[in-house]
Amino acid sequence: MKTCPACGLFAVVIGSITAAAQAPASLTLNEAIGRAVEANRAVLAARSARAIDLAARQVAAQRPNPEVSVEAERETPHWAFGSTMPLEISGKRQRRIDVANATLAVTDAETARITADVRSDVRRAYYQVVAAVRRVDIAQELETIARRARDAAQDRFQTGAAPRLEALQAQLALSQAQNESARGHGEIAAARAELNALLAFPSEAAPTLADPLEGGPLPSSQEATAQAINGNAELQVLQKQIEAERARVALARALRRPDPSLSGTLTYDAQPEFNVGWRAGVAIALPILTTGRAEVAVAEATLNRAVADREARVVQVTGAVAAAVARAASARQAVQRYQADILPASLQVEQMAQESYQSGQTGLPALLQTVQAAREVRQRALQAGLDYQIALADLERAMGTPLR
Numbered sequence: 002m003k004t005c006p007a008c009g010l011f012a013v014v015i016g017s018i019t020a021a022a023q024a025p026a027s028l029t030l031n032e033a034i035g036r037a038v039e040a041n042r043a044v045l046a047a048r049s050a051r052a053i054d055l056a057a058r059q060v061a062a063q064r065p066n067p068e069v070s071v072e073a074e075r076e077t078p079h080w081a082f083g084s085t086m087p088l089e090i091s092g093k094r095q096r097r098i099d100v101a102n103a104t105l106a107v108t109d110a111e112t113a114r115i116t117a118d119v120r121s122d123v124r125r126a127y128y129q130v131v132a133a134v135r136r137v138d139i140a141q142e143l144e145t146i147a148r149r150a151r152d153a154a155q156d157r158f159q160t161g162a163a164p165r166l167e168a169l170q171a172q173l174a175l176s177q178a179q180n181e182s183a184r185g186h187g188e189i190a191a192a193r194a195e196l197n198a199l200l201a202f203p204s205e206a207a208p209t210l211a212d213p214l215e216g217g218p219l220p221s222s223q224e225a226t227a228q229a230i231n232g233n234a235e236l237q238v239l240q241k242q243i244e245a246e247r248a249r250v251a252l253a254r255a256l257r258r259p260d261p262s263l264s265g266t267l268t269y270d271a272q273p274e275f276n277v278g279w280r281a282g283v284a285i286a287l288p289i290l291t292t293g294r295a296e297v298a299v300a301e302a303t304l305n306r307a308v309a310d311r312e313a314r315v316v317q318v319t320g321a322v323a324a325a326v327a328r329a330a331s332a333r334q335a336v337q338r339y340q341a342d343i344l345p346a347s348l349q350v351e352q353m354a355q356e357s358y359q360s361g362q363t364g365l366p367a368l369l370q371t372v373q374a375a376r377e378v379r380q381r382a383l384q385a386g387l388d389y390q391i392a393l394a395d396l397e398r399a400m401g402t403p404l405r
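All you need for this note's numbering is the position in the sequence shown, starting with 1, plus 1.
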């Protein structure tokens, strides 16, 4: 049963459109990555290139066509019916197929590289949304605190315990907190739009992101380097390119040997000598002027360049992985310090400042200063978590393999 490539492509497009019309209520990072691998437009476009190489392999497997000739002449014999059949020798057809297969492997490796880049982009975009949501949560918490302070200042002003300036300052602090909250909602919408584009979701989709900023595995430098050398998608592309160039060298060497052509002719009407006759022949090009050495030299030089490119890239990947691991480790330490020490202490100071203001022991400026300091601490803790996830995304891109 024959299949229609256009029908298959149509089915893929319809399936992706149908999937894009639906977004889950909750989404983990692994689910987001899985969705991107299946539906991301860049990944789908890269996969479509495979059909080109499959068709090119069919082209490479073709054999030369025979030639048929008919001659009508005044001299005898008056008619000649001939045929010429080129014969490929030195395994040229197999060498062409080897080149086509190697090119297909390069395309598959390139698709894997694009998929790895998309995976890193999804991690980055996913946690940008998580951070934006967390910023709004912080802004709303501070808005609640500012509203309490405004109400308390208003009560103190009405009872004569505080000047009008204190009430105005509290109202100004509340307005600033409300403005920060509104701006945060805009950042959420922008971050979600970028994530939805990667996942082929509608731009208005807003699934709940379940994974926290503080999560994510961090391999050691030795483990990350070993994974990168063995599975880095870019290095795999370069390795497949080396294999493709080796196949081209073998093809160039095979093409140096000329192909013979066998010919046979049936003659007719050569009266009075004979009525039907025949002749046979063999022809072959003499490699005198064009020897094929230049083509072999070009193929070998290209192979040497491909090998050198991979060796250079191995050094670069090793350095990039080591640097990314160091940055991620430093970011994780910062996150752990914020979670274990700084945030609890900041929360305690904030609570004490609110109690002190409500009891009349301190004024509004001291409370606002404490609230602002607490906001900055929370924002820095949030940024530390985002920096850790961005460092993991950079590490994943440098490794070219999924983090385990």
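Every residue, glycine too, gets a C-beta built ideally from N, C-alpha and C.
Identify, in the order they occur along the chain, each residue of the same chain with its Cβ nearer than 7 Å to the Cβ of residue i, setting aside the five sequence neighbours on each side.
i: Asp388; result: Ala332
i: Arg314; result: Glu235, Leu236 and Leu239
i: Ala168; result: Ala154, Gln155 and Phe158
i: Tyr127; result: Leu30, Ala33, Leu196 and Leu210
i: Glu351; result: Thr371, Val372 and Ala375
Specify the secondary structure class of residue i as computed by DSSP and reduced to three states.
i: Asp270; result: strand
i: Ser182; result: helix
i: Asn231; result: helix
i: Ala26; result: coil
i: Asn276; result: strand
i: Ser91; result: coil
i: Ser262; result: strand
i: Ala47; result: helix
i: Gly35; result: helix
i: Glu215; result: coil
i: Ala201; result: coil
i: Leu344; result: helix
i: Arg64; result: coil
i: Asn305; result: helix
i: Asn411; result: Absent from the structure is residue 411, since the part of the chain shown begins at 2 and ends at 405.
i: Gly401; result: coil
i: Pro288; result: coil
i: Gly320; result: helix
For residue i, is the classification buried or exposed, using 16 other Cβ atoms within 10 angstroms of its Cβ as the cut-off for buried?
i: Asp395; result: buried
i: Glu377; result: exposed
i: Gln129; result: buried
i: Ile139; result: buried
i: Asn180; result: exposed
i: Gln390; result: buried
i: Asn231; result: exposed
i: Ser49; result: exposed
i: Gly185; result: buried
i: Ala22; result: Only weak support exists for where Ala22 lies, its pLDDT of 48 falling under 50; the value from the coordinates is given anyway. Flag for Ala22 reads exposed.
i: Arg64; result: exposed
i: Leu105; result: buried
i: Asn276; result: exposed
i: Ile146; result: buried
i: Val38; result: exposed
i: Ala327; result: exposed
By DSSP's criteria, residue i is part of a beta bridge. Which residues make up the other side?
i: Ser70; result: Gly83
i: Thr209; result: Ser27
i: Gly386; result: Answer by DSSP bridge pairing: none, since Gly386 is not bridged.
i: Ala281; result: Gly265
Pick from the options: whose alpha carbon is nearest that of residue i?
i: Val336; options: Gly217, Leu368, Leu263 and Pro259; result: Gly217
i: Pro220; options: Asp212, Ala229 and Leu173; result: Ala229
i: Gln242; options: Ser70, Glu301, Met353 and Ala207; result: Glu301
i: Gly401; options: Met86, Arg135, Ile115 and Thr29; result: Ile115
i: Gln272; options: Pro288, His79, Leu143 and Ala103; result: His79
i: Ala43; options: Leu304, Leu199 and Pro65; result: Leu199
i: Pro213; options: Ala132, Glu246 and Glu224; result: Ala132
i: Ser262; options: Met353, Thr85, Leu348 and Gly161; result: Thr85
i: Ser70; options: Ala81, Ser222, Val107 and Arg64; result: Ala81
i: Ala153; options: Val134, Ala286, Arg94 and Ala174; result: Ala174
i: Ala62; options: Ile34, Thr77, Arg136 and Asn102; result: Asn102
i: Trp279; options: Ser264, Pro288, Leu287 and Gln317; result: Ser264
i: Ala245; options: Val123, Thr303 and Ser204; result: Thr303
i: Ala330; options: Gln380, Ala225 and Val372; result: Ala225
i: Pro403; options: Gln349, Ser121 and Pro67; result: Ser121
i: Asp99; options: Asp54, Glu111 and Glu68; result: Asp54
i: Pro259; options: Leu393, Thr319 and Ile289; result: Ile289
i: Gly35; options: Ala201, Glu111, Glu142 and Asn66; result: Ala201
i: Ala284; options: Glu76, Glu89 and Ala47; result: Glu89
i: Arg51; options: Thr108, Asn66 and Ala40; result: Thr108
Any heavy atom of the ligand GDP within a distance shorter than 8 Å of the CB on residue i?
i: Asn276; result: With respect to the ligand GDP, the structure shown offers nothing to examine, as it has no ligands at all.
Leaving out five residues on either side along the sequence, give the residues of the same chain with a beta carbon under 8 Å from the beta carbon of residue i.
i: Leu368; result: Ala150, Ala354, Gln355, Ser357 and Tyr358
i: Glu1; result: Past the boundaries of the shown model lies residue 1; the chain is included only from 2 to 405, so the question cannot be answered.
i: Glu397; result: Ala117, Arg120, Ser121, Arg124, Pro403 and Leu404
For residue i, I'd like the list of residues in its chain whose CB is within less than 6 Å of its CB, leaving aside the five on either flank, ordered along the chain.
i: Thr363; result: Ser357
i: Leu256; result: Gly293
i: Gln172; result: Arg151
i: Ser347; result: Ala375 and Val378
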